[in-house]
Structure formats: C-alpha cells, structure tokens
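So the structure is just underneath, and the comments pick up after that.
Number of protein chains: 2
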Amino acid sequence: MLTERQRMILNAIVDDYISSAEPVGSRSISKRGDVGYSPATIRNEMADLEELGFLEQPHTSAGRIPSHKGYRYYVDHLVPWNSAESAEVGTIRAFFAEKLNAMEQVIQHAAMILSNMTNYTSILLGPEVFHTSLRHFQLLPLDDKTAVAIIVTSTGQVENRTVNIPPEISLSEMEKVVNLLNSKLVNVPLYKLKTRLYSELGEEMQRHISHYEELMQVLDTALESDHEQRIYLSGATNMLTQPEFKDVDKVKNILDLLEETPTLLKMLAPVSGGSGIQVKIGTENNHEAFANCSLITATYSLDGQALGSIGILGPTRMEYARVMGILGILSRDLTAMLAHWYK
Amino acid sequence: MLTERQRMILNAIVDDYISSAEPVGSRSISKRGDVGYSPATIRNEMADLEELGFLEQPHTSAGRIPSHKGYRYYVDHLVPWNSAESAEVGTIRAFFAEKLNAMEQVIQHAAMILSNMTNYTSILLGPEVFHTSLRHFQLLPLDDKTAVAIIVTSTGQVENRTVNIPPEISLSEMEKVVNLLNSKLVNVPLYKLKTRLYSELGEEMQRHISHYEELMQVLDTALESDHEQRIYLSGATNMLTQPEFKDVDKVKNILDLLEETPTLLKMLAPVSGGSGIQVKIGTENNHEAFANCSLITATYSLDGQALGSIGILGPTRMEYARVMGILGILSRDLTAMLAHWYK
DNA sequence: CGTTAGCACTCGACTCAGATGAGTGCTAAC
DNA sequence: GTTAGCACTCATCTGAGTCGAGTGCTAACG
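So the sequence lines, in the order shown, correspond to chains A and B. According to the working numbering, the first sequence holds residues 1 to 343 in order. According to the working numbering, the second sequence holds residues 1001 to 1343 in order.
Encoded structure:
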C-alpha cells in the first residue's frame, strides 16, 4: 500500500508527464505549489516508487516516467472524477440536440466529434443487430436468376444481400413463403431467425411448397448473418501528432492495426459485466502494436443489452481523466437517446 | 523537342530514381549496359535537360532527380506500355473468378487487392447510382411516426433512409401512392425521379389523394439523393513506407486529406472525356498536401457511362508503368464484369 | 527520525571541426 | 562530338568537447 505522500507524488508525476511528455524530475515536482517538500525528499520517494514498480527511468540522468503499473494505479485510484469540462458537455449536448434520423449517421458523426474533441483516435463499434429482432423481410426479384433480400430490423436498420434463385422456384411460390415468413417470424431476434425458420415453418412449408430443399437454401443465405458490426474510425491521423509516435515505424504498426477490422472488433467487443468505462493500458491490449497505447472504452445499450461500444485510442500518456469523463457522458447520452428513440 | 539521346537519358534517370529514391548521378547512368556514353557526355546532356526543366538538383554536389515536368514527359512519352507482369494479371483474373455478388463487396475487395499488389494507397469510388434507374420503391412503416424508404436500383444496390410520416396521412393512402409510384416510375433514372414525380404523378395524385402537400414532402425526402458515392480506401499506411515520407509532418497532411471524403470525391470524379488512364503528377492535383504525390486513376463503366473510378496514390516517384498497367487491366475487367452482370 | 542541503557523478543532447566521397562543371585533348 | 582530367562543392559521418538536467549518497539540521 502506498502512503498518502507517495500517492500524491505519483499523481503529480503522472499529471506532469501527461501534459509535457518529458520525464519529470524531482525539482519540478517540488516546485509545484501544493507540494511542501524539497527535491531531495521527493527523490527518496521516487526511488521507492521506482522500486515498487510504479515509475521507470529512461536512463540514469533523466527524470522518471510512469510505468504501466503506475498508470494503472493512477487510473484505478487517482483519476479525478467528474472532470469533463462544461464546454465539452456543451458540445456533446449540442450533438444530441441535432436531429439525425439514421443510426449510422449518428454513430459516424459521434466518432468525428469524439476525435475532434479529444485529439485522439476514436473507434466506434456500430450497434450490434444481433440482438435486435426482425421487423420485415422482403425478397425483390432483380432478374430471372437473382433477387435482393431485404431485412428491416426493429431498430430501423436495413440489411440487404443478393441471392441466387434456382430456376425451378416460381415467383408465386416465393411470394407465398415470404408472406409466411413475415407473419410468423416478425419480432423474432435475428440470431434466432434460422433455427426458428426450421422449427416453426419447416413442417408447414414442406406441406405447401414444392422444391422445399432449394427454397430453404435460398432463405438460408438470405438470412445469413451479414449483420457484422461495423467499425467507425475517426482521427486516425491524430496518432501522428503525439510526440511519442514521431517515429514513422512505430506509428505504422498502429495505423496498420486500425485497418484490421476483425482485430478491432475483438478489442471493442462490449464486456457485459463491465461497470461502464474500461481502460486498457499498454500491454493490457494484448497486441504488440498497441504496447504504447491505451484504449478507453464505454458501451451504449438498449434495454440493458449492450449494443456497441465507443473507444478512444491514444498513447499510454493519455489524458485519462478528460477522456473518461467525455466517454462517460457520451455513452450515457447515447443510451438515453436510443431508449427514447425505440421506447 | 528532345533528341533521342536525351529521351534515353531522361528515361534512365526516371527509372533509376523510381527504384532507388536517391538522386542519380552521371556515372551510374553511364555504367548501365545499354548506354554507350561516358559520364562526361551524360553530364552535358543532364545539364541541358536541367536547363529545359526536366531535371532538378537537390544541391550542387548531388545527382539529378526528375522534376514534375520530367515525370510528365516520362508518363506521356516514355512509359513502356503493356508492362503488367503476368503474375499480376493472374491475381486480377483470380479476383474476378471468385463470385462475389454484392457490388459493394467487389469494390471493397478490389481496393484491398490493389493496395496489396502495388504497395501504394488505393482509392476507389463506388458506383454512382445517379445514372442507374429505379427498380423498386418501398415504404415500410416502423412505428406510427416513422418509416423506412427503400430504393432498389437497376444495379441491385439498395438505398434506404428513414422518413417521418405526418400523422394525418393514413397507411392505406400511403400504400396507394407507393403502388402508383412503382407502376409509373420504374426504370426512370434516379436523377430524374423527382422531376418525373411531379410531372407525371402530380396530377393523378392530387385527384385521388388527400393531404397532397404533406405526402409530397414525404416522398421528396424519401427520394432525396442520399445516393452519395462512397469512397473505399485501402493501404493508406503504405504511404508511411515510402522513404520520401519518413517525416511524420509531411505524411500527416496526406493522411488527413485521405479522411476528407468530399475532397477525394472531387479528385476522383470520373472525367467522361478521358481516354482511360489519367495521371496527375504533384501539383497537378491542385492540393498542397498532394504536392509530392501522384494520383493515377481509371474509370469503370456500364453502357458506356462512367460509373466510378479506381485510383492509386503514391509518391511522385511512383512506378508509373506498373501501376498504369494494373489499373488498365482492372478497370477493363471491372467494366466487363458489370456488362456481363447487368447484360 | 524525518527532512534537507550539498556535492560528485552520469549520461543524453548539442555543437563544432575535420575527414570522406559522391557528384558536378569546366577545360583541353582525342 | 566525345571523353579524360581536375578542381570544386556540399551533404553526411565521425569523434571530441561542453552543457545541463537529474540522480544517489552522505552528512547535517530541527
């Protein structure tokens, strides 16, 4: 356990380092108004903190910088809560005041606002359609071979995909099936669609419909979960403005990773147990490229079900307090908006 | 006009510089097997070429590098045609052999292949729905206030947007109008939809339908051209591997511009008069950030109508021949595929 | 006993001079 | 017209020297 003074010093060092990006020395800490000790005393404490693993020294004659463990302690115990500036709250409120009526627009816009406001990179995970349910299904023939399957979800999102129609299936038959589907499967969660298709409609369809096999295959691909979650990135180049990434090679790996959607999906996957805001520091991200980055994420939800997440990626030397504050507000407001929208 | 020998030397310098990224000296040109002159002779010619504006010298004691004018001449007169490697042709053919059945997938995939193959950044402009026509229109009510308008185009693309329905319009009325729309406006080009809506249906609707004004407004927003062209980027980080962009500040401007969709849209806007492959060198791009970049574009089309374009962005020191070859093949094949698809 | 002043020491960052060498322009000879 | 030779330029590299921020340790102080 750290003493009160050690906590105070650690806090001061992290704060200083976050704003200056330079190793901080005992003297500069001592000179702060709120610290009543001489450099020598600070030095002793710093040596102890280093031994405990909270600080590191780039080289002997430099100041100290926080280690991952130091950041972790800072985030867990020292972050000043409730620190979103009123100006920022205003921007977010203004954002929600605009009436945007497509989910995708909202998310995209939010990503931009976040990256502009924080000067870090924002990574948003679009709403997971997985847990939404079917509102309407439709099959529009394009020509004699293909058709467009359209799925409208309960949240108003529209998914579509092209399917091939075997020649032996007639149009009228197709229509019958679609009607049946709409009458029986509306309000069924998307992820249960396929099983319900077989369990509830299988028998009835087999009776009324010829070419059962071929038809089922068509529906199978039509209902295939194309419902991937989408990643919305904004401000990726903000990474380049960080002094720790002035070396092109380092930043290359990071930006490359940002183009790899599957990896990002995994990283942002909403943790249902999470109490709200999650912070992954450096190696906690389990990815070499992000070893010097921190990822702060929050989720937004509908009916208590986490739908997607919003994240900010920055250097480990990140303004944790500010970003956590902003993310907290945005995720809460986003959730509120969704609740109101689909009341 | 350049002499044959000057053209040969210019060609050699551009080739050398493209592959080495270092200023090329008279000695190294002279040593090439196919050049039968001593360094001194080459030097004289180089001095002439510099005076003519085709070459520049970073400083007195360095070799020469091609100027923008030099690249322009190279592209216009010296590029060895037909230079796509068979291996590359193979990759492209393999790509078209896979059956992808959604336009978006094709474009996205093509972008990735292009950037991987060239190690530059690929920028693809999705098909312009502007010139396609209406295949089907539908309005699906979500709740008592809103509905989703779905437009399926002749190329099988599905556009959707949420609209607000005024309370005074009844469901049955809405349905009538949608049916009318489908019977009268199918096969009308999207960009004519709105005018045709008024000219052909206005009268009839005014007769049959109450709340004409409100209804027209709904249809107006529903048919609003949300049909923006989409930009598909891939390999943006390849820029970072180019030695001329090892400085973070320079590359920052470029990457920032790549996030600005409207500017990219303008740059890639298909030039209908273009004979095929367009090359914009350096300042020809009319954008400061791209002053040291070249953008090579080609278009793909349907029924002779340019639908979208594919572009490769790299440093001015770019493998013009190879990239032009690849783009040529890809655009041709893409056009052929579209023709076959919507025959 | 905790705190502080003093001091020797470390080590990266900066500066400056000299050496290196790739490449040029010019002149004169072939 | 072409080429050999040579003086000249100038970016880059190298190593020595200096600077200064910061440390650890020891001894003195309240």
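Using N, Cα and C, we set each Cβ at its ideal position, and we do this for glycine too.
Round the Cβ separation of Gly1311 of chain B and Tyr1300 of chain B to the nearest angstrom and send it over; I've been treating them as touching at under 8 angstroms. On the second sequence, position 311 is the one that residue 1311 of chain B refers to. On the second sequence, position 300 is the one that residue 1300 of chain B refers to. About 12 angstroms separates the beta carbon of Gly1311 of chain B from that of Tyr1300 of chain B, a gap too long to meet the 8 angstroms contact definition.
Where do the ends of the alpha helix (DSSP H) carrying Glu1175 of chain B lie? In the second sequence, residue 1175 of chain B corresponds to position 175, counting from 1. Leu1171 to Leu1185 is the extent of the alpha helix (DSSP H) around Glu1175 of chain B.
Using a beta-carbon distance below 9 angstroms, is Phe1245 of chain B in contact with chain A? Reading the second sequence from its first residue, position 245 is the one you call residue 1245 of chain B. Yes, its Cβ sits closer than 9 angstroms to a Cβ of chain A.
Compile a chain-ordered list of the residues in the stretch 251-272 of chain A whose CB is closer than 8 angstroms to at least one CB of chain B. Close to chain B, meaning a Cβ-Cβ distance shorter than 8 angstroms, are the following residues of the stretch 251-272 of chain A: Val251, Lys252, Leu255, Asp256 and Glu259.
Is Met1001 of chain B buried or exposed, if buried means 16 or more other CB atoms sit within 10 Å of its CB? In the second sequence, residue 1001 of chain B corresponds to position 1, counting from 1. The residue in question, Met1001 of chain B, is exposed, as its Cβ has fewer than 16 Cβ neighbours within 10 Å.
Have a look at the DSSP bridge pairing and note the partners of Glu1056 of chain B. Here residue 1056 of chain B refers to the residue found at position 56 when the second sequence is read from its first residue. In DSSP, Glu1056 of chain B forms a bridge with B:Ile1065.
Pull out every residue of the stretch 129-153 of chain A whose Cβ sits closer than 8 angstroms to any Cβ of chain B, in chain order. For the stretch 129-153 of chain A, the residues whose beta carbon sits under 8 angstroms from a beta carbon of chain B are, in order, Arg135, His136, Gln138, Leu140, Leu142, Thr146, Val148, Ile150 and Val152.
Threshold first: 4 residues or longer. Then list the alpha helix (DSSP H) segments lying entirely within the stretch 1222-1280 of chain B, N to C. With a minimum length of 4 residues, the continuous alpha helix (DSSP H) runs that stay inside the stretch 1222-1280 of chain B are 1248-1258 and 1261-1268.
If you follow the beta strand (DSSP E) that Val1300 of chain B is in, where does it begin and where does it stop? Position 300 of the second sequence holds residue 1300 of chain B. Correcting the residue identity first, residue 1300 of chain B is Tyr in this sequence and not Val. Counting along the chain, the beta strand (DSSP E) containing Tyr1300 of chain B begins and ends at Cys1293 to Leu1302.
Quick one: residues in its chain with C-beta nearer than 6 angstroms to the C-beta of Leu78 of chain A, no 5 flanking neighbours on either side, listed in chain order? Here the question's residue 78 of chain A lines up with position 78 in the first sequence. Here the set comprises Asn11.
Buried or exposed for Gln1206 of chain B, please, with buried defined as at least 16 other CB atoms from any protein chain shown within 10 angstroms of its CB. Sequence index remark: in the second sequence, residue 1206 of chain B carries index 206 (1-based). Gln1206 of chain B should be labelled exposed.
I'd like to know if Gly1328 of chain B contacts chain A, where contact means its C-beta is closer than 9 angstroms to some C-beta of that chain. Locating residue 1328 of chain B in the second sequence gives position 328, counting from the first residue. No, Gly1328 of chain B lies away from the interface with chain A (no Cβ there is under 9 angstroms from its Cβ).
To the nearest angstrom, how far is the alpha carbon of Ser1344 of chain B from that of Leu114 of chain A? Here chain B has residues from 1001 to 1343 only, and residue 1344 of chain B is not among them.
How big is the Cα-Cα spacing for Tyr74 of chain A and Ile18 of chain A? Mapped onto the first sequence, residue 74 of chain A falls at position 74. Mapped onto the first sequence, residue 18 of chain A falls at position 18. C-alpha separation (whole angstroms): 12 angstroms.
Taking Cβ-Cβ distances below 7 angstroms as the criterion, which residues of the stretch 1315-1340 of chain B are in contact with chain A? If you check each beta-carbon in the stretch 1315-1340 of chain B against every beta-carbon of chain A, none falls closer than 7 angstroms.
What did DSSP end up calling Val152 of chain A once you bin it into helix, strand or coil? To locate residue 152 of chain A, count along the first sequence from 1; it is residue 152. In the structure shown, Val152 of chain A sits in a strand (DSSP, three-state: E or B).
Can you confirm whether Ala1236 of chain B, when its beta carbon is compared against all beta carbons of chain A, has any partner nearer than 9 angstroms? The sequence position of residue 1236 of chain B within the second sequence is 236, counting from 1. Cβ-Cβ to chain A under 9 angstroms: yes for Ala1236 of chain B.
Please identify the residue among A:Leu181, A:His68 and A:Arg161 whose C-alpha is closest to the C-alpha of Asn292 of chain A. Here the question's residue 292 of chain A lines up with position 292 in the first sequence. Nearest C-alpha to Asn292 of chain A: A:His68.
If I follow the unbroken alpha helix (DSSP H) through Gln6 of chain A, where does it start and stop? By one-based count along the first sequence, residue 6 of chain A stands at place 6. Taken as a continuous stretch (DSSP letters only), the alpha helix (DSSP H) holding Gln6 of chain A covers Glu4 to Ser20.
Does Thr1162 of chain B come within less than 9 angstroms of chain A when only Cβ atoms are used? By 1-based counting over the second sequence, the position of residue 1162 of chain B is 162. Interface residue, yes.
How would you write the range of the beta strand (DSSP E) that His1208 of chain B sits in, first residue to last? Sequence index remark: in the second sequence, residue 1208 of chain B carries index 208 (1-based). Element bounds for His1208 of chain B: not the beta strand (DSSP E) but the alpha helix (DSSP H), Gly1202 to His1208.
Can you give me the Cβ contacts of Asp1016 of chain B inside the same chain, cut-off strictly under 6 angstroms, excluding the 5 residues immediately before and after it? As a working mapping, residue 1016 of chain B is identified with position 16 in the second sequence. The residues are Val1024.
Once the 5 residues before and after Arg1354 of chain B are set aside, which same chain residues still bring their CB inside 7 angstroms of it? Chain B is shown only over 1001 to 1343; residue 1354 of chain B falls outside these bounds and no answer can be derived.
Between the C-alpha atoms of Pro127 of chain A and Glu1214 of chain B, what's the straight-line distance to the nearest angstrom? Position 127 of the first sequence, counted from the start, is the residue given in the question as residue 127 of chain A. Position 214 of the second sequence, counted from the start, is the residue given in the question as residue 1214 of chain B. So the two alpha carbons sit approximately 32 angstroms from each other.
Report yes or no: is there a C-beta of chain B within less than 9 angstroms of the C-beta of Val35 of chain A? As a working note, residue 35 of chain A is residue 35 in the first sequence. So no, Val35 of chain A is outside the interface.
Would the stretch 1161-1168 of chain B count as touching the stretch 1195-1202 of chain B if we require 3 or more Cβ pairs under 8 angstroms? Flag = no, the stretch 1161-1168 of chain B and the stretch 1195-1202 of chain B do not touch.
Counting only Cβ pairs nearer than 8 angstroms, list the residues of chain A close to Phe1158 of chain B. Residue mapping note: residue 1158 of chain B aligns to position 158 of the second sequence, counting from 1. First, the residue type needs correcting, since residue 1158 of chain B is Val and not Phe in the sequence shown. Within chain A, the residues near Val1158 of chain B are Val148, Ile150, Val158 and Asn160.
Using a Cβ-Cβ cutoff of 9 angstroms, what residues of the stretch 1171-1197 of chain B are near chain A? List them in chain order. Within the stretch 1171-1197 of chain B, no residue places its CB atom closer than 9 angstroms to a CB of chain A.
Where the stretch 198-227 of chain A meets chain B: residues whose CB sits under 7 angstroms from a CB there: If the cut-off is 7 angstroms between Cβ atoms, the stretch 198-227 of chain A has nothing near chain B.
For Glu344 of chain A, which residues in the same chain have their Cβ closer than 8 angstroms to its Cβ, ignoring the five residues on either side in sequence? Given a span of 1 to 343 for chain A in the structure shown, any question on residue 344 of chain A remains unanswerable.
Determine the contact status of Pro1066 of chain B and Arg1322 of chain B, defining contact as a CB-CB distance below 9 angstroms. As a first step, residue 1066 of chain B must be located in the second sequence, where it is residue number 66. As a first step, residue 1322 of chain B must be located in the second sequence, where it is residue number 322. Not a contact, by the Cβ cut-off of 9 angstroms.
Test item: CB-CB of Leu1193 of chain B and Leu1171 of chain B under 9 angstroms: Within the second sequence, residue 1193 of chain B is the residue found at index 193, counting from 1. Within the second sequence, residue 1171 of chain B is the residue found at index 171, counting from 1. With contacts defined by Cβ atoms closer than 9 angstroms, Leu1193 of chain B and Leu1171 of chain B do not form a contacting pair.
Note down, in chain order, each residue of its chain lying with its Cβ closer than 6 angstroms to the Cβ of Thr1261 of chain B, except the 5 sequence neighbours on either side. For the purposes of this step, residue 1261 of chain B is identified with residue 261 of the second sequence, where counting begins at 1. If the five residues before and after Thr1261 of chain B are omitted, its C-beta is found closer than 6 angstroms to the C-beta atoms of Ile1231, all from its own chain and listed in chain order.
So which residues on chain B does Val248 of chain A lean against when the C-beta distance must stay under 9 angstroms? Counting from 1 along the first sequence, the entry for residue 248 of chain A is found at position 248. Neighbours of Val248 of chain A on chain B, chain order: Leu1240, Thr1241, Phe1245, Lys1246, Asp1247, Val1248 and Val1251.
Please report the distance separating the alpha-carbon of Leu1134 of chain B from that of Ile107 of chain A. Along the second sequence, one-based indexing puts residue 1134 of chain B at 134. Along the first sequence, one-based indexing puts residue 107 of chain A at 107. A direct Cα-Cα distance of roughly 29 angstroms separates Leu1134 of chain B from Ile107 of chain A.
Which of helix, strand or coil DSSP assigns to Ser1038 of chain B: Start at 1 with the first residue of the second sequence, and residue 1038 of chain B comes out as number 38. Residue state, collapsed to three classes: coil.
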